[in-house]
Ligand code: HEC
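In my numbering, the protein residues as written are -15 to 444.
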């Protein structure tokens, strides 16, 4: 080989490596990614709402010291989009409360961890957001149940507790949050509005059904189950009742200012939309207690309400649509259940919620319009009992009277489902969480602007 050739190769090598270096310098900015400047703002915006002391997440992610030991799991959780939690298919619907990180935010956290998870300059650290202890909203009023004793023996207990609002005028509720008094024993709590003159009758009915049973239901202790000999109907849509017990429709109206479910955050309705609590109403707290702590626990569950500060144009109510007659065979790993409900009037849809228990696998709801066109309105492809979000639409949609809502759920009653309490049992509808439910809830408003007429609730 001649020396010219060697020189040429050498020169080319030097040029190539210079170019490579320049490209590398351009691609990785001189500034390194630090906790204080780059990562903390992302955590403060998207994570500390739960990752703070005494909240639902297992560890705080506020300071560098809090976060550094979790750097690797934090990276994995955000890269895999496991956190922040969100279970609706992003291709179906555009939701105001969608907390998913942007690709740039994910890249920042990823490169922070890959480059050694540095703390950076303390001067760059923004102030941590301030939270009122417990609340994720700033309530104007808080209503609390009287102290309730949940005995150590209470494994599954539905209690109905009535609290007067003492509101002298109708109140419009923009946001609400239900806070369990003791998270160890409050499994869920649904707060509905009920007229004062209906309370006595409701209490009487509750007492009766606590003692007795009806044609389709039986009780153990204070929880309800569907009777073993009730008709089985997985395809609710094949029956005129749509999945409800014979003679009852699959959907009913309820006025629910707030609910506490696993992973369910405070609900803030879009501006102009609010829920009315008529003057003098009571709130019904339906609290599902389940005490595995081994000791007696005193609970004082409460609801915080934020009144609408802007003019309200649309009053919110909710349809709750169910299949109550399914039967999931033992070990079935993909059991299909449907419900159907035809809207009795025009509604403007504000939000959706999918509700199942541990065996719930996925849920999808389609709207079939009166003109025969149809579209998927909500898809939750990987349902997780621990995360029961309500999905608030960015643009409310009108569903005309006569639209049929077809909900299809799949259940996994096999060993593949790590949350399955017992794959060997056939499972039907029941209030305990180791039995199942199949519910699709639709928060909606009347498309006509509100007049003074208060809503009428058929609280179940
Ligand atoms: C709505 C409340 C909430 C939000 C918002 C949230 N988390 Fe979590 N996070 C939880 C809860 C509850 C758990 C424990 C249960 C679980 O792992 O599902 C958890 C678990 C984790 C874990 C442990 C995961 C594992 O694999 O064990 C990490 C890491 C994490 N979160 C990081 C984050 C980060 C980073 C953000 C923001 C980008 C965030 N979380 C936002 C509630 C939340």
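Glycine is no exception: its CB is placed at the ideal position from the N, C-alpha and C atoms. Computed from a prediction, not measured in an experiment: that's the story for all the values here.
Exposed unless 16 or more other CB atoms sit within 10 angstroms - verdict on residue i
i, result
"residue 126", "exposed"
"residue 328", "exposed"
"residue 216", "exposed"
"residue 255", "exposed"
"residue 137", "exposed"
"residue 15", "exposed"
"residue 244", "buried"
"residue 116", "exposed"
"residue 268", "buried"
"residue 154", "exposed"
"residue 228", "buried"
"residue 353", "exposed"
"residue 9", "With a pLDDT of only 43 at residue 9, under the threshold of 50, the placement of this residue in the model should not be trusted; the figure read from the coordinates follows. Label assigned to residue 9: exposed."
"residue 406", "exposed"
"residue 276", "exposed"
"residue 44", "buried"
"residue 218", "buried"
"residue 379", "exposed"
"residue 6", "Caution applies to residue 6, whose pLDDT of 44 falls short of 50 and renders its modelled position unreliable; the value that the coordinates give is listed next. So residue 6 counts as exposed."
"residue 133", "exposed"
"residue 198", "exposed"
"residue 226", "buried"
"residue 11", "Unreliable placement is indicated for residue 11, whose pLDDT of 48 sits below 50; no coordinate value is reported for it."
"residue 318", "exposed"
"residue 13", "For residue 13, the predicted structure reports a pLDDT of 49, less than 50, and the residue's modelled location is therefore unreliable. A value from the coordinates is still provided. Per the 10 Å Cβ criterion, exposed."
"residue 396", "buried"
"residue 185", "exposed"
Proximity winner among the options, relative to residue i (alpha-carbon distances)
i, options, result
"residue 168", "40, 191 and 102", "40"
"residue 333", "348, 306, 300 and 208", "300"
"residue 150", "30, 372, 178 and 133", "178"
"residue 303", "205, 271, 404 and 336", "336"
"residue 349", "50, 208, 383 and 424", "424"
"residue 66", "204, 84, 434 and 347", "84"
"residue 415", "53, 205 and 159", "205"
"residue 315", "81, 209, 38 and 404", "404"
"residue 141", "69, 44 and 270", "270"
"residue 130", "119, 143 and 121", "143"
"residue 200", "182, 188, 185 and 231", "231"
"residue 377", "54, 82 and 18", "82"
"residue 106", "64, 48, 69 and 158", "48"
"residue 158", "365, 434, 431 and 294", "294"
"residue 430", "283, 296, 109 and 53", "296"
"residue 445", "135, 324, 284 and 185", "Nothing can be reported for residue 445, as the shown portion of the chain is limited to -15 through 444."
"residue 411", "392, 426 and 309", "309"
"residue 30", "70, 305 and 170", "70"
"residue 89", "46, 104 and 27", "27"
Neighbour flag for residue i against chain C, beta carbons, 8 Å
i, result
"residue 292", "Given the protein chain composition of this structure (a single chain), no chain C is represented."
Contact test: residue i Cβ vs ligand 1 heavy atom, cutoff 7 Å
i, result
"residue 35", "yes"
"residue 344", "no"
"residue 25", "no"
"residue 30", "yes"
"residue 245", "no"
"residue 41", "yes"
"residue 58", "yes"
"residue 163", "no"
"residue 55", "no"
"residue 62", "yes"
"residue 83", "yes"
"residue 362", "no"
"residue 370", "yes"
"residue 377", "no"
"residue 67", "yes"
"residue 469", "Outside the shown range of the chain, which is -15 to 444, sits residue 469, and nothing can be said about it."
"residue 45", "yes"
(request) Tell me, please, whether the segment 136 to 148 touches the segment 51 to 59 by the rule of three or more beta-carbon pairs shorter than 8 Å. (result) Counting Cβ pairs under 8 Å, fewer than three are found: no touch.
(message) Quick test of the definition: if touching needs 3 or more C-beta pairs under 8 Å, does the segment 340 to 355 touch the segment 364 to 374?
(response) Counting Cβ pairs under 8 Å, three or more are found: they touch.
(message) Counting beta carbon pairs with one atom in the segment 91 to 109 and one in the segment 20 to 36, are three or more of them shorter than 8 Å?
(response) Taking a cut-off of 8 Å for Cβ pairs, the segment 20 to 36 and the segment 91 to 109 touch, as three or more such pairs fall below it.
(message) Between the segment 285 to 295 and the segment 374 to 392, can you find at least three pairs of beta-carbon atoms closer than 8 Å?
(response) Result no; under three Cβ-Cβ pairs closer than 8 Å.
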